[in-house]
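Here the sequence shown is numbered in this note's numbering, starting from 8 and rising by one per residue. Report on the structure given below.
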Amino acid sequence: MATSDERKAAPSSSSYQRQSQVEVTNTYRRSQGKKTRHQKKHSQQKEEASQDTSTKVEREGGARAVRGLERAGTSQKSPRVGLILLLFFALLFVALIVLALLIKKQRPRDPVTVCSSQDCRRHAQELRAALNLSVDPCDDFHAFVCGSWERSSANGSAAGVYRDRLMVESAERAIGELQSDLILLEGASSKDSSRTAHLASLFYRSCSRPNAASDLHATTAKAKLERFRELRAKMRLSWPEDLRSPTLEPVDVMLDLAINWNENFLFDAQLVNVSGRPVTLFLTRGKPLAGWVHYVEPSYYATYVTTYFQYLGLNTSARDNHPPPNTLRSLTRDFLAVKMDTATGEPNQTWFRLDLFDNPTPWIQPGLWLSLLNKHFSPDLSWSSEHWVVVQDSRLIEGVQSLLKKYNKRQFVIGLSWIFVQTHLWAILDLPRIRFGTGATDEFVSLIKKYSCLEYVQSRLGALVLPDLSALSSKRPDAKILERLVNATHDLIEKLPWIGNERHAALHKTRYLTSSPFPHQTSFDVEGRETLYATFPPMGTDFATDFVESSLWFQSKRKERNLLALYGRRTSSGHAQVSYIYALNSVLISMAAFEAPLYYANSTYSVISSGVGSILAREVARAFDPTGSEINEEGRTVIWWGPSRSRQYLDRVTCDLNASECCTSTKLFPLVPGLEIAFHAYKIQVRLDNDSPSDYRLQGLENLTDDQIFFITYCYVLCGSYTAEGVSCNMPLKNFQPFSQAFGCAVGARMNPHHKCAFFS
């Protein structure tokens, strides 16, 4: 049998006959063409003459017709014809656009594509280091995702200092950047080494390697102590040297430390600006300082106090005029208990107008809050009774109140001074053993010193420790990601079958949910930072001088609006603070939320939505939790939804979350609704972006699907969290059907129970 090629190469006899007939026909046509050419020319001349005559007649007739139409008033039909034509072309244009969109939508997507950008490779590398593949993800997903990381952290890494995965990651990255910059500075000219960009690195070196500049700047211990005493006097923490200081108002001292020095042990303070609302003061949990995370109380406290007095240059006999060691120990215990109590657990947010703030704080004189805020913010900002104060956790107020009940005002301020001395004296003199004892290992002391030095740099030079964030000023990922989450929430509410008449109020509140603005654009680029820190004192002499001078500079610039944004959004050690403020219907976003591992600019939708997206989604969900359902978009108490108005709502928030096997009590909000919002936003983005593949995988983890990467990243950013047994990871996932589908978990497995709880589903 002949092949197709052979059939093409050997034409049949009938084909040959047809070809011959064609050639004959062509020859005949050429001969006939010569004969008729003259006839055509003659006929054309006659037709042209006829056309000229016809054209003339048509012109005359047309003119008569126009005049006749004008006389008859038929010109009224012309606009109607034009309108019909306009509508026709408009419909044609719309049809063409719809057709183009349909063609684009129907264009097949690549089924599987691998993301090979630097961010994708970097994230894949971090996930590989954390995954414990010996664990069945359908049995314990938290152990599957975080097992290897937590095992390595337990063997002497930063987990000895921080327990939070994000803080460890951010701290390691920042220290690496500072150390790399110091390597570049070696051999650089004095002009280059004095540039603003190197201030943070030089400050870090003076703390972590105090002998690095000893050959150029030798400072005696006495001189260091004098500078330290000078700083504490300006902060009104002059104890123990000054025993004659007047009795101070504790709230005044704490607000001054928080607002002007960024040094309050118990709480931080920052301004929140939301469009259309008065400026709000936000009191948040104090920073998790490395030196206090694993505090071990000295066995011989009297000896411990005597050692500090000696290093401060005080005579041993002077101790008799001070509170006894037992009182100082009690103050330390109680201050630390308040700090640790508010550092963990779900915060219970509360808010008050300044004219009402005295009611929940009876231990403060009437009107004191208002007068103190005007004192510390004047002349840049004037406070009135219309302004609000929001407290992140009501336990802050309760803790301060309990301290003031137990101690008088003088003892309270002495407690603040004693905490400050213990926090900083060892770094001023480079004697960590006086603070952490002789029993601590060298490795642990080295870790404490490294991360404490980073905290010093971040608290004074926060913006300079950040990586190059120039892209944030133009792309504004905070606004884009929040917009996607809000749109996803809006879509979920639109489709919610059980919401009933409350749908309109829920959509209205979603529509007006906002975020506080990022710092000004100039704060992100190199030139903006150069201008911002142009007056910053030179760094790199000795740590005592650097710490005091940078603190004085910070205090003088703290009231500037751009600085309030830069420092207020980044707490110590890169802790990504993101908070939904009920009274403002607004999400306060930390700049640290847009650093790895939470955010990778050039990665996939699944990575972005499950990283920073999941953190923000949990805060968006609070707008509809039992508290948010009783607060409208203007911050007024209006019960527009919630368990008291909706039986279906009550059934969902009281649903058994399959978390009984864990020792920690958990609630539906914000974990489960937050997961639903984040995953829905991710799926919407993939669906809308026709250029995005249907399954976008990471280079280095090609065996994991896009959905699997979403859930792994979701849990990865929770590794090492305080919640026991990884419940913040496992609980929402085991109640989410797309998770069990992504990993093929059998019905009845620990991560795929028969009964599930959901809010939007």
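Ideal Cβ positions, reconstructed from N, Cα and C, are used throughout, including at glycine. Predicted, not measured: the structure shown is a model, and the values here were computed from it.
- Assigned with DSSP and collapsed to three states, V398 falls in strand.
- In this structure, the alpha-carbon of R135 lies about 21 Å from that of G751.
- Where R216 is concerned, there is no enclosing alpha helix (DSSP H), because DSSP gives it neither an H nor an E.
- Here DSSP, grouped into helix, strand and coil, assigns S466 to helix.
- The beta-carbon separation of A551 and T226, rounded to 7 Å, stays under the 8 Å limit for a contact.
- One alpha carbon belongs to L489, the other to S522, and they sit about 8 Å apart.
- Put simply, the backbone Cα of G755 is about 29 Å away from that of V614.
- For secondary structure counted as the alpha helix (DSSP H) over 4 or more consecutive residues, the stretch 380-452 holds these complete runs in sequence order: 401-413, 416-436, 440-443.
- W358: not part of any alpha helix (DSSP H); member of the beta strand (DSSP E) spanning 357-360, first to last residue.
- In the structure shown, the three-state DSSP call for F767 is coil.
- Look at A688 here: in three-state DSSP terms it is helix.
- Note on the stretch 612-688: whole alpha helix (DSSP H) runs with a minimum of 4 residues are 612-617, 619-628, 654-660, in chain order.
- Per the C-alpha coordinates, the member of P633, G642, Y311, G154 positioned closest to P285 is G642.
- Per DSSP, T287 is one residue of the beta strand (DSSP E) stretching across 287-292.
- Of all alpha-carbon atoms in G618, Y656, L591, the one lying nearest the alpha-carbon of I638 is that of L591.
- Boundaries cannot be given for D147, as no alpha helix (DSSP H) includes it and DSSP labels it neither H nor E.
- Contact between the stretch 623-632 and the stretch 140-152 is absent: fewer than three C-beta pairs spanning the two stretches fall below 8 Å.
- With a contact defined as Cβ atoms closer than 8 Å, K763 and Q744 qualify at about 7 Å.
- Taking the C-beta atoms as reference points, A628 is found no nearer than 8 Å to F686.
- By the Cβ neighbour-count rule, G298 is buried, with 16 or more other Cβ atoms within 10 Å of its own.
- Of all alpha-carbon atoms in S653, V428, R236, L338, the one lying nearest the alpha-carbon of F766 is that of S653.
- Nearest to S636 by C-alpha distance, out of Q692, C736, T517, L438, is T517.
- Under the criterion of beta carbons closer than 8 Å, W268 and L335 do not qualify as touching, at roughly 22 Å.
- Your pair P369 and F359 does not check out as a contact, with CB atoms roughly 13 Å apart and the cut at 8 Å.
- Setting aside the 5 residues that flank it on each side, S699 is surrounded in the same chain by V693, each with a C-beta closer than 6 Å to its C-beta; the list follows chain order.
- For D437, same chain residues with a beta-carbon under 8 Å away, outside a window of 5 residues either side, are P217, F550 in chain order.
- The residues G649, P650, V660, F676, in chain order, have a CB closer than 8 Å to that of P633 in the same chain once the five nearest residues on each side in sequence are set aside.
- Judged by beta-carbon spacing, W395 lies beyond the 8 Å limit of L377, meaning their Cβ atoms are not closer than that value.
- A distance below 6 Å between beta-carbons, with the five flanking residues on each side excluded, links L209 to the following residues of its chain, in chain order: M546, G547.
- Bridge pairing for S522: V594 [DSSP].
- The beta carbon of R757 is closer than 6 Å to those of D146 in its chain, skipping five residues each way along the sequence.
- Counting C-beta pairs closer than 8 Å gives fewer than three between the stretch 500-508 and the stretch 335-352, which falls short of the contact rule.
- For A297, the enclosing alpha helix (DSSP H) begins and ends at 297-300.
- The shortest CA-to-CA distance from S453 to any of Y612, W433, N333, A230 is the one to W433.
- When rounded, the separation of the alpha-carbon atoms in Y519 and A513 is 10 Å.
- Spanning the alpha carbons of P604 and N494 requires a straight line of approximately 24 Å.
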